[in-house]
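My numbering puts the sequence shown at residues 284 to 571. I have placed the structure first, in the form of structure tokens, so that the comments after it can refer back to it.
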Amino acid sequence: MKILGMVCSARKMGNAEIAVKAGLMGAQEAGAQVAMMRLTDYRIEPCKGCMACVFKKAPCPIQDQAHLVYKTLLEYDGLILGTPTYILGPTGLLKTLLDRGMGFMYGYGRKLEGRPALSIATAGIPGWEPYALPLNALFLRALGYTIVDQFMVYGQGPGEAVYHQEILERARERGRTMVEQLSTGKVEHLGEENPTSCPYCHNSLLLFTGGTKVKCPNCGIVGTIKTIENTAVVEWETTPDRWVKEEVIRHFEHQVLPSGPRFMERRREIRDKTAIYRDFSPPLTKTD
């Protein structure tokens, strides 16, 4: 078995790297081959929205190294993801990589479906990281991974994660757990469950849609907020979440792919109607 650690930080021996290495040590102790990659070592360009990976199921035409990252993910049975928190959420490079992953979401088949992943985010101050774990989960769930656990590691200075040995030991234990789950073929979430957590991405970032109705913005499932013994809980409806294989296929085949022929039928009309905007190009005055 092979477990990959992916660090989304340019800082070497920072808290994210230390936490990921703790997880990899546990996986190695359980008998897995391990390796680590720094996402900042790769040149990853923004998605251009050409949709060739979806409509044509073709390789991405952008000549950078995003394809090497995804090829590497395919070579490993599990992933330990570590990212620092920048401005309340994970580094933007992770979202840039995800935007380039539509081919792995649909076009090339969901080859990462069901593989285990451990999600770790680091931050300096509690309360200043509300989107860190939810957006880590978005990356992992969109690609098909099953999150075995997710947690924060706090430390304002590089390396201060070592003052939280209980969290690093949790990472190490979960590294061992990933290998054990792969051995048994039963990959499942083992982290703490909050009464308001989504049962799929296991986060409590909720979108209120009216009254007591809420939705998980990551997974798209809906539920109802209730109070039981003075504790707020969410009773989730038994609808499939948007990231299960069948729902992803339905989304692309019934909502995305039909937009292609529809656009082709309208393209001349659209060209005529957008002429006023195409001809409006106010120049930017450059500053030194």
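For every residue, glycine included, the Cβ atom is placed at its ideal position computed from N, Cα and C.
Legend entry - Selected residue, minimal CA-CA separation from residue 480, among 493, 515, 302 and 453: 515
Inset, instruction - Please work out which residues of its chain come closer than 8 Å, Cβ to Cβ, to residue 320, disregarding the five sequence neighbours upstream and downstream, and give them in chain order. - result: 287, 288, 289, 290, 352 and 355
Legend entry - Between the CA atoms of residue 525 and residue 366 - distance to the nearest angstrom: 24 Å
Legend entry - Contact check, residue 306 vs residue 457, beta carbons under 8 Å: yes
Inset, instruction - Taking residue 385 as the reference, give the member of 421, 401, 413 and 410 with the closest Cα. - result: 421
Legend entry - Residue-chain proximity (residue 326, chain D), Cβ-Cβ < 8 Å: The chain labelled as chain D is not found in the depicted structure, where only one protein chain is given.
Inset, instruction - Output yes or no for whether 8 Å exceeds the beta carbon distance between residue 373 and residue 419. - result: yes
Legend entry - Backbone secondary structure at residue 432 - three-state DSSP: strand
Inset, instruction - For residue 331, I'd like the list of residues in its chain whose CB is within less than 7 Å of its CB, leaving aside the five on either flank, ordered along the chain. - result: 345
Inset, instruction - Verify whether the separation of the beta carbon atoms of residue 298 and residue 475 is less than 8 Å. - result: no
Inset, instruction - Could you check if residue 333 is buried or exposed, using at least 16 other CB atoms within 10 Å of its CB as the buried criterion? - result: exposed
Inset, instruction - For the beta strand (DSSP E) holding residue 320, just list the boundary residues, first then last. - result: 316-321
Inset, instruction - Below 8 Å on the Cβ atoms is my guess for residue 327 versus residue 383; work out the distance and round it to an integer in Å. - result: 7 Å
Legend entry - Option nearest residue 380 by Cα separation, candidates 364, 349 and 390: 349
Legend entry - Where the alpha helix (DSSP H) through residue 518 begins and ends: Counting along the chain, residue 518 falls outside any alpha helix (DSSP H), though it belongs to the beta strand (DSSP E) covering 514-519.
Legend entry - Those residues which DSSP pairs with residue 353 across a bridge: Answer is none; residue 353 lacks a bridge partner.
Legend entry - Buried/exposed call for residue 562, threshold 16 Cβ in 10 Å: exposed
Legend entry - Nearest-angstrom Cα separation, counted from residue 567 out to residue 505: 45 Å
Legend entry - Whole-number beta carbon distance between residue 285 and residue 311, since they are thought to touch under 8 Å: Actually they are not in contact, since the Cβ atoms of residue 311 and residue 285 sit about 11 Å apart, beyond 8 Å.
Inset, instruction - Whole angstroms is fine: what's the gap from residue 403's alpha carbon to residue 534's? - result: 29 Å
Inset, instruction - Have a look at residue 371 and residue 507 and give me their C-alpha separation to the nearest angstrom. - result: 27 Å
Legend entry - 8 Å Cβ cutoff met for residue 409 and residue 488: no
Inset, instruction - Compare the beta carbon distance of residue 454 and residue 429 with 8 Å and say whether it is the shorter of the two. - result: no
Legend entry - Bridge partner(s) assigned by DSSP for residue 422: Note: residue 422 sits in no beta bridge, so no partner.
Inset, instruction - Identify every residue that forms a DSSP beta bridge with residue 400. - result: 362 and 430
Legend entry - Under the three-state DSSP convention, the category residue 406 falls into: strand
Legend entry - First and last residue of the uninterrupted alpha helix (DSSP H) at residue 553: 542-556
Inset, instruction - Please determine, among 435, 303 and 329, the residue with the shortest C-alpha to C-alpha distance to residue 414. - result: 435
Inset, instruction - From the DSSP output, read off the bridge partner residues of residue 381. - result: BP columns for residue 381 are empty, so no partner.
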